[in-house]
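From first to last, the protein sequence lines stand for chains G and Z.
The first sequence begins at 1 in our numbering and counts up one residue at a time.
The second sequence begins at 1 in our numbering and counts up one residue at a time.
The beta-carbon is built from N, C-alpha and C at its ideal position, and this holds for glycine as well.
Structure first, commentary second.
2 protein chains.
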Amino acid sequence: MLDRIGGKWTSMLVKLLASAPDEVRFSELKRGATGISQKMLAQTLRSLERDGLVTRRVEPTVPPRVHYALTSLGRSLETALVVVRTWAEAHMAAIDDARRAFDRR
Amino acid sequence: MLDRIGGKWTSMLVKLLASAPDEVRFSELKRGATGISQKMLAQTLRSLERDGLVTRRVEPTVPPRVHYALTSLGRSLETALVVVRTWAEAHMAAIDDARRAFDRR
DNA sequence: CGGCATCCCCCACGATACTG
DNA sequence: CAGTATCGTGGGGGATGCCG
Numbered sequence: 001m002l003d004r005i006g007g008k009w010t011s012m013l014v015k016l017l018a019s020a021p022d023e024v025r026f027s028e029l030k031r032g033a034t035g036i037s038q039k040m041l042a043q044t045l046r047s048l049e050r051d052g053l054v055t056r057r058v059e060p061t062v063p064p065r066v067h068y069a070l071t072s073l074g075r076s077l078e079t080a081l082v083v084v085r086t087w088a089e090a091h092m093a094a095i096d097d098a099r100r101a102f103d104r105r
Numbered sequence: 001m002l003d004r005i006g007g008k009w010t011s012m013l014v015k016l017l018a019s020a021p022d023e024v025r026f027s028e029l030k031r032g033a034t035g036i037s038q039k040m041l042a043q044t045l046r047s048l049e050r051d052g053l054v055t056r057r058v059e060p061t062v063p064p065r066v067h068y069a070l071t072s073l074g075r076s077l078e079t080a081l082v083v084v085r086t087w088a089e090a091h092m093a094a095i096d097d098a099r100r101a102f103d104r105r
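Structural data, given as structure tokens:
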């Protein structure tokens, strides 16, 4: 499970989806997750969908519109991720300090 | 930060150190973390020490004994990790189901 | 005992190009 | 627009061997 969360973009995408009121389009996610490639976006979303964390809805128009949203399972994951994110933000500075002190030797 | 946690053995080692009453020796950790190689154990511990999450104490005997323990920062990380672990255990089955259903198509 | 050093492999990820 | 296909790369991780 930590492997799943550990993916480079997973946490960011879950956060984006969680903070949106409704569904989010592929292109919106691409804009929101700065630096992500189309490939990794599609791949990560697919993996999240596979795990039942995200739903995918296609509007059969031309060109198509694809909408993503968290499932209830996905939202429950977000609540766990919030804890980790909060911890990280709170202690990031301390870790940086420790790292510099360690490297000075 | 998620990269740090995402390391294959980090979470397991933090858990081992957290559940021990006192310091833990290198070889004890090696036994506790089934499947870890000496290289990854040393490397992960070094990285944790660098980040100020773990202390390292060497008894200058022959052969040497090296003891590891969580710092207070490390213990605070463990409380965050517990949340994720709990989530994972609670929903592992649901995810497996979703995965199988998805793959069946 | 507790590590480094070395070699090797795999795959997550990136860049680019193509398509319904 | 929202993907697939293809190719190339870095580095995380395993196996083995040596050493104070």
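| said: Distance cutoff 8 Å, beta carbons only. Does His67 of chain Z sit that close to anything in chain G? | reply: In the second sequence, residue 67 of chain Z corresponds to position 67, counting from 1. Answer no: the Cβ-Cβ gap between His67 of chain Z and chain G never drops below 8 Å.
| message | So, for Leu53 of chain Z: in the same chain, excluding its five sequence neighbours on each side, which residues have a beta-carbon less than 8 Å away from its beta-carbon? | response | As a working mapping, residue 53 of chain Z is identified with position 53 in the second sequence. For Leu53 of chain Z, where only same-chain residues beyond five positions count, the Cβ hits under 8 Å are Val14, Leu70, Thr71, Leu73, Gly74, Leu77.
| If we ignore side chains and look at the alpha-carbon of each, how far apart do Leu16 of chain G and Val83 of chain Z end up? | On the first sequence, residue 16 of chain G is found 16 positions in, with the first residue counted as 1. On the second sequence, residue 83 of chain Z is found 83 positions in, with the first residue counted as 1. Answer to the nearest angstrom: the Cα atoms are 21 Å apart.
| request: Please name the residue in G:Ala88, G:Glu49, G:Ala80 whose C-alpha comes closest to that of Asp3 of chain Z. | output: Residue numbering aside, residue 3 of chain Z sits at position 3 when the second sequence is read from its first letter. If we check each option's Cα against that of Asp3 of chain Z, G:Ala88 comes out closest.
| query | Which chain Z residues are close to Ser19 of chain G, counting only those with a beta carbon under 9 Å from its beta carbon? | reply | Looking up residue 19 of chain G in the first sequence gives position 19. Here the premise fails: no neighbours, minimum Cβ distance about 17 Å.
| Taking the alpha-carbon positions, what's the Ser47 of chain Z to Leu81 of chain G distance? | What you label residue 47 of chain Z is simply residue 47 of the second sequence in a count that begins at 1. What you label residue 81 of chain G is simply residue 81 of the first sequence in a count that begins at 1. Taking the straight line joining both Cα atoms gives about 22 Å.
| Helix or strand or just coil, what does DSSP make of Thr55 of chain Z? | Walking along the second sequence from the start, residue 55 of chain Z turns up at place 55. Residue state, collapsed to three classes: strand.
| request: For chain G, find out if any of its Cβ atoms is closer than 8 Å to the Cβ of Arg107 of chain Z; answer yes or no. | output: As shown, chain Z starts at 1 and ends at 105. That puts residue 107 of chain Z outside it, with no answer to give.
| task | Helix, strand or coil for Ala18 of chain G, going by three-state DSSP, please let me know. | result | For this step, residue 18 of chain G is matched to residue 18 along the first sequence. Helix at Ala18 of chain G.
| query | Going along chain Z in order, which residues have a C-beta closer than 9 Å to the C-beta of Leu41 of chain G? | reply | Here residue 41 of chain G corresponds to residue number 41 of the first sequence, with the count starting at 1. Under the 9 Å cutoff, chain Z gives no residues; its nearest Cβ is about 17 Å from Leu41 of chain G.
| task | Starting from Ala80 of chain Z, follow the alpha helix (DSSP H) in both directions and report where the run begins and ends. | result | By 1-based counting over the second sequence, the position of residue 80 of chain Z is 80. Where Ala80 of chain Z is concerned, the enclosing alpha helix (DSSP H) stretches over 72 to 103.
| request: Just tell me which of Z:His67, Z:Pro60, Z:Gly7, Z:Trp9 has its CA closest to the CA of Glu28 of chain Z. | output: Translated into the one-based positions of the second sequence, residue 28 of chain Z becomes position 28. Ranking Z:His67, Z:Pro60, Z:Gly7, Z:Trp9 by Cα distance to Glu28 of chain Z puts Z:His67 first.
| request: Can you tell me which of G:Phe26, G:Pro21, G:Gly32, G:Val58 puts its alpha carbon nearest to the alpha carbon of Gln43 of chain G? | output: In the first sequence, counting from the first residue as 1, residue 43 of chain G sits at position 43. Minimum Cα distance to Gln43 of chain G is reached at G:Phe26.
| message | Run through chain Z and tell me which residues come within less than 7 Å of Ile95 of chain G, C-beta to C-beta. | response | Locating residue 95 of chain G in the first sequence gives position 95, where the first residue counts as 1. Simply Asp51, Gly52.
| How big is the Cα-Cα spacing for Ile95 of chain Z and Lys30 of chain G? | Within the second sequence, numbered from 1, the residue matching residue 95 of chain Z stands at position 95. Within the first sequence, numbered from 1, the residue matching residue 30 of chain G stands at position 30. About 25 Å.
| query | Skipping 5 residues on each side, what residues in its chain have a beta carbon closer than 6 Å to that of Gly32 of chain Z? | reply | Locating residue 32 of chain Z in the second sequence gives position 32, where the first residue counts as 1. Excluding positions up to five away in sequence, the list reads Leu16.
| query | Taking Cβ positions, are Arg104 of chain G and Arg50 of chain Z nearer each other than 8 Å? | reply | To locate residue 104 of chain G, count along the first sequence from 1; it is residue 104. To locate residue 50 of chain Z, count along the second sequence from 1; it is residue 50. Taking 8 Å as the Cβ cut-off, Arg104 of chain G and Arg50 of chain Z do not qualify as a contacting pair.
| Can you tell me the Cα-Cα spacing of Glu59 of chain Z and Val24 of chain Z, whole angstroms? | For the purposes of this step, residue 59 of chain Z is taken as residue 59 along the second sequence, with counting starting at 1. For the purposes of this step, residue 24 of chain Z is taken as residue 24 along the second sequence, with counting starting at 1. The alpha-carbon atoms of Glu59 of chain Z and Val24 of chain Z are separated by roughly 13 Å.
| Through-space distance from Met1 of chain G to Thr10 of chain G, alpha-carbon basis | Translated into positions along the first sequence, residue 10 of chain G becomes position 10. Translated into positions along the first sequence, residue 1 of chain G becomes position 1. Cα to Cα, the separation comes out at about 12 Å.
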